[in-house]
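In our numbering, the protein residues as written are 273 to 596. First up is the structure itself, then whatever we jot down about it.
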Amino acid sequence: MAYIQTVTGRIAPEELGLTYTHEHLLCDQRLCRQDGLRRPGSEGNLMVLDDIEVAIGEMRAIRALGADALVEVTMQAWGRDLPGLRRISEASGIKIIATSGFYVEHCHPGFVAEQSIEQLAEGLVREITEGVDRTGIRTGLLKSAISRPVVEGPEEKCARAVARAQRATGASITTHTSGGIRFEIPGGNIGMQLLDLFEAEGVDPRRVIVGHVDENADIRFLEAMCRRGAFVQFDVVGKWHWMLDETRADLMAALADRGYIDHLLLSTDRARKAELKSYGGIGYAYLLTHFVPLLRKAGLSEEDIRRIMVENPRRALAIHPPPS
């Protein structure tokens, strides 16, 4: 039977309410940097989210606006803290789904180079089915990240490990595709390339979330990924250097008009102090207070918004264990 795994335990998919599908609550981006940002007291401290009380406050704010759950996508080399996430969840009432997998190559843990694809996959399976290290906390999602214009090298190795872990567990895969210029590669983009790789490994595209599609989106590619069955995730809402939010809303409305509303997911990818309300930023709440009204203005109904933020996450995050 399908279920969703949170940091406090399993729930039935229908128990999941309004969900942010790609966020960071506790992370330390300095851990995989080799430059001056690692110096104590440098501006790199702005790239650290380590205050649990701040996170609890931010989560209480979105819960008051109707949010129910959040997917936390921080990886090992970015400071993943599952006990901390459990504390945040218990104190705020927000359900949190943690993630297993690998971020981009320069953030890979040392063991990635030492282990085979199968060994890496086995480690991911353990986190999904048994728990992470000695915490006993299980993750509920797998992650693959690509930083290049093509899927190759160690990132391809990790993507294949993630795919094999997906086959073994039935958990879904979320992806970091670093949109940008990679969406302008002739003949395709990283999301399409990853779907090719995952399908070759036997993964059903309906179990794949293609992330960061709104960094520099091309609706032709978005439609193509939806046609293959994947979810496309607009997850950098409020980051106007990539795209105006009005354009994001119009793109989502256009995809809905073309019959793809059941493939859309939504989030903000907060990962720095300056982005949080507690430090003067727009915070996680911006999605509900400012962006959802733009979706209404673009022509989406309340039922459309519910499908994007409630029904779609229920399907996207459900774990379907394979027959034993």
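Think of the CB as a built atom: it goes at the ideal place given N, C-alpha and C, for glycine as much as any other residue.
Give me the residue from Gln438, Ser416, Val279, Leu567 with the minimum Cα distance to Leu516. Working through the sequence shown from its first residue, we reach residue 516 at position 244. When each option's Cα is compared against that of Leu516, the closest is Leu567.
Under DSSP, the alpha helix (DSSP H) around Ser364 begins and ends at which residues? Locating residue 364 in the sequence shown gives position 92, counting from the first residue. According to the DSSP assignment, Ser364 belongs to the alpha helix (DSSP H) that extends over 354-364.
Express the C-alpha separation of Met524 and Phe493 in angstroms, rounding to a whole number. Here residue 493 refers to the residue found at position 221 of the sequence shown. Here residue 524 refers to the residue found at position 252 of the sequence shown. Spanning the two alpha carbons is a distance of roughly 13 Å.
Going by DSSP, what residue range makes up the alpha helix (DSSP H) through Phe493? Translated into positions along the sequence shown, residue 493 becomes position 221. 491-499 is the span of the alpha helix (DSSP H), which, as asked, contains Phe493.
Would you mind reading off the limits of the alpha helix (DSSP H) that contains Thr519? Along the sequence shown, read from residue 1 onward, the residue named residue 519 stands at position 247. 517-529 is the span of the alpha helix (DSSP H), which, as asked, contains Thr519.
Do the region 471-479 and the region 275-286 make contact, defined as three or more Cβ pairs closer than 8 Å? Contact between the region 471-479 and the region 275-286 is not established, with fewer than three Cβ pairs separated by less than 8 Å.
Nearest to Ile580 by CA position, among Ser596, Ile591, Phe563, is which residue? Counted from its first residue, the sequence shown places residue 580 at position 308. Of the candidates Ser596, Ile591, Phe563, the one whose C-alpha sits nearest the C-alpha of Ile580 is Phe563.
Roughly how many angstroms lie between the CA atoms of Ala437 and Gln391, to the nearest whole one? As a working mapping, residue 437 is identified with position 165 in the sequence shown. As a working mapping, residue 391 is identified with position 119 in the sequence shown. The C-alpha of Gln391 is placed about 10 Å away from the C-alpha of Ala437.
Secondary structure of Phe374, DSSP reduced to three states: Walking along the sequence shown from the start, residue 374 turns up at place 102. DSSP, reduced to helix, strand and coil, places Phe374 outside both helices and strands of the structure shown, so it counts as coil.
Run through DSSP, which three-state label would Cys379 get? In the sequence shown, the residue the question calls residue 379 occupies position 107. For Cys379, the three-state secondary structure derived from DSSP is helix.
Rounding to the nearest angstrom, what Cα-Cα distance links Lys549 and Tyr556 in this structure? If you number the sequence shown from 1, residue 549 lands on position 277. If you number the sequence shown from 1, residue 556 lands on position 284. Those two C-alpha atoms are separated by around 8 Å.
Check this for me: beta carbons of Leu297 and Glu362, under 8 Å apart or not? Stepping through the sequence shown from its first residue, residue 297 is reached at position 25. Stepping through the sequence shown from its first residue, residue 362 is reached at position 90. Contact check for Leu297 against Glu362 fails: the beta carbons are separated by 8 Å or more.
So what does Glu344 bridge to, in DSSP terms? Start at 1 with the first residue of the sequence shown, and residue 344 comes out as number 72. When beta bridges are read from the DSSP output, Glu344 appears opposite Glu295.
Residues that His225 bridges to, as DSSP identifies them: Missing from the structure shown is residue 225; the chain here goes from 273 to 596 and no further.
Specify whether the region 384-404 and the region 317-327 touch according to this definition: at least 3 beta carbon pairs, one from each stretch, less than 8 Å apart. Look at the beta carbons and you see the region 384-404 not touching the region 317-327: under three pairs across the two are nearer than 8 Å.
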